[in-house]
Structures are given as structure tokens and as C-alpha cells.
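In the numbering used here, the protein residues as written are 18 to 240.
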């Protein structure tokens, strides 16, 4: 047999062996990657709940959750604390009343918040008139403009400072209603009486009357 004929026979065998080796390497790496993904999806970390969460656990209990749920949902909303390896969880303060030793559930908080908001008188904030006049506006359409503006954040801060009501997004947010005296961002830009709504994540809205009054030259404290 000539050297040329022998070489011709060897080439297909070498090519087949190369394909087999490449295929084996690909399968090995695929199994490795899939295994890593499965391990990641099944990973759970211990957390300490700061509220009763339906389907997960009660206030103060230690539960294991997916890291993504803790990172994107529970921790940003203040519903759970991380439990560090080898560190004893910090005992949570007891809550007096029917649910002593644990924080009321989110549903109970919403019911209480709705009742509190419905019983509130008009919320008054003070701003300096842009014209220097402290006279009350005759109508909403020709309301006196103010220095600065009043945003949903300002109203939420006033609720907390004046009435001790703390709105925590996204569970409760403020939706500005009046557009005639507000800019594109929904901020109030003039003196007057306005209607806003507190939107509850669990459903429903509670109307809230907001009155923007003029601060006088003596320096009425603004909210």
C-alpha cells in the first residue's frame, strides 16, 4: 500500500475522533452549566420576617427564601432582615395589644390606615405667595401662585409630622388630582384647596383634602 493511500485512510479516522472529543467536551460543559443553574435556582437563604406575610410566615419567624425575593421584594419594603451565618438574629420588639410579640399583618395595617385617613381634617401646608399677598384666592382658576411647589412627597411628610401617619410606598402612595393649578409633574403651584387620593396597594383609595395657605411675613413655619 502506498503512503498516499494510507494517509487518505487515516484522515477520516482522525476527523471522527476529533468530533467525538468535541462532542464529549460540549456535553460535559452543558451538564456543568445546567447543574450550576439548578443549584442557583434551588438556593435559599434564612431571613427574619418583620411582618405577617401570607404563605410565608409570621412576624419574628426565621424562614428560608430565594435570594432574589429578599433582594428585590422583602428587604426593600422592610418586611424582613437578613440572618447572617453564625450570628444570632436580633430579637424584634414586641407589639402591645392583641398581637403581642409580633407586628400586625399587612392587611391589619391597611385597615387601620384607611380608618385613620378617613377621620382626618383637611391637611394644611403653608407656602410663601409669589406675589407677596396673603389674601385668600377667590377661585381655584385664579389662585395665587406660590414660591416653590407642593409635591406628593411634601404631603406625605406633612401627614407623618402632623398626624403621625407614615405612608410606605408601594403599599400606600399619594395621587395628585387637581391639574388646573399644577404642573406636568402633578405638583401644586398655587394657594387653594385641593383633593388628592391616598392609593392603597391592597385596593381602594381614600380622598384627602389639602389646603395650601399663605405664610405671612412674620415667618409662619412651612410644612
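Note that beta-carbon positions come from the ideal geometry of N, C-alpha and C, so glycine has one too.
Secondary structure of residue i, DSSP reduced to three states
i, result
"residue 107", "coil"
"residue 221", "coil"
"residue 127", "helix"
"residue 245", "Given a span of 18 to 240 for the chain in the structure shown, any question on residue 245 remains unanswerable."
"residue 89", "helix"
"residue 81", "strand"
"residue 134", "helix"
"residue 232", "coil"
"residue 97", "strand"
"residue 160", "coil"
"residue 68", "coil"
"residue 169", "helix"
Same chain, Cβ closer than 8 Å to residue i, five either side skipped, listed in chain order
i, result
"residue 241", "The structure shown has nothing for residue 241, since the chain only spans 18 to 240."
"residue 87", "62, 64, 97 and 99"
"residue 148", "161 and 162"
"residue 131", "217, 221 and 223"
"residue 60", "83 and 84"
Residues of its chain near residue i, where Cβ-Cβ distance is below 6 Å and the 5 sequence neighbours each way are ignored
i, result
"residue 188", "218"
"residue 84", "62"
Given residue i as reference, the closest of the options once Cα atoms are compared
i, options, result
"residue 134", "233, 70, 223 and 229", "223"
"residue 108", "67, 192 and 166", "67"
"residue 228", "83, 167, 70 and 186", "167"
"residue 213", "186, 140 and 230", "140"
"residue 94", "102, 70 and 79", "70"
"residue 192", "174, 225, 179 and 175", "225"
"residue 138", "210, 60 and 171", "210"
"residue 171", "142, 146 and 186", "142"
"residue 127", "59, 231 and 186", "186"
"residue 231", "164, 169, 190 and 179", "164"
"residue 233", "190, 144 and 179", "144"
Whole-angstrom distance between residue j and residue i, CA atom to CA atom
i, j, result
"residue 208", "residue 181", "24 Å"
"residue 81", "residue 206", "48 Å"
"residue 72", "residue 90", "15 Å"
"residue 136", "residue 216", "16 Å"
"residue 203", "residue 105", "47 Å"
"residue 77", "residue 190", "27 Å"
"residue 8", "residue 179", "As shown, the chain starts at 18 and ends at 240. That puts residue 8 outside it, with no answer to give."
"residue 146", "residue 92", "42 Å"
"residue 129", "residue 103", "38 Å"
Same chain only: Cβ atoms within 7 Å of residue i, ignoring 5 sequence neighbours per side
i, result
"residue 101", "none"
"residue 156", "Unreliable positioning characterises residue 156 in this predicted model, as indicated by a pLDDT of 44, which lies under 50. The coordinate reading is nonetheless provided below. Nothing meets the Cβ criterion."
The ligand ADP heavy atom lying under 7 Å from the CB of residue i
i, result
"residue 187", "By its list of ligands, the structure shown contains no ligand whatsoever, and the ligand ADP lies outside what it can speak to."
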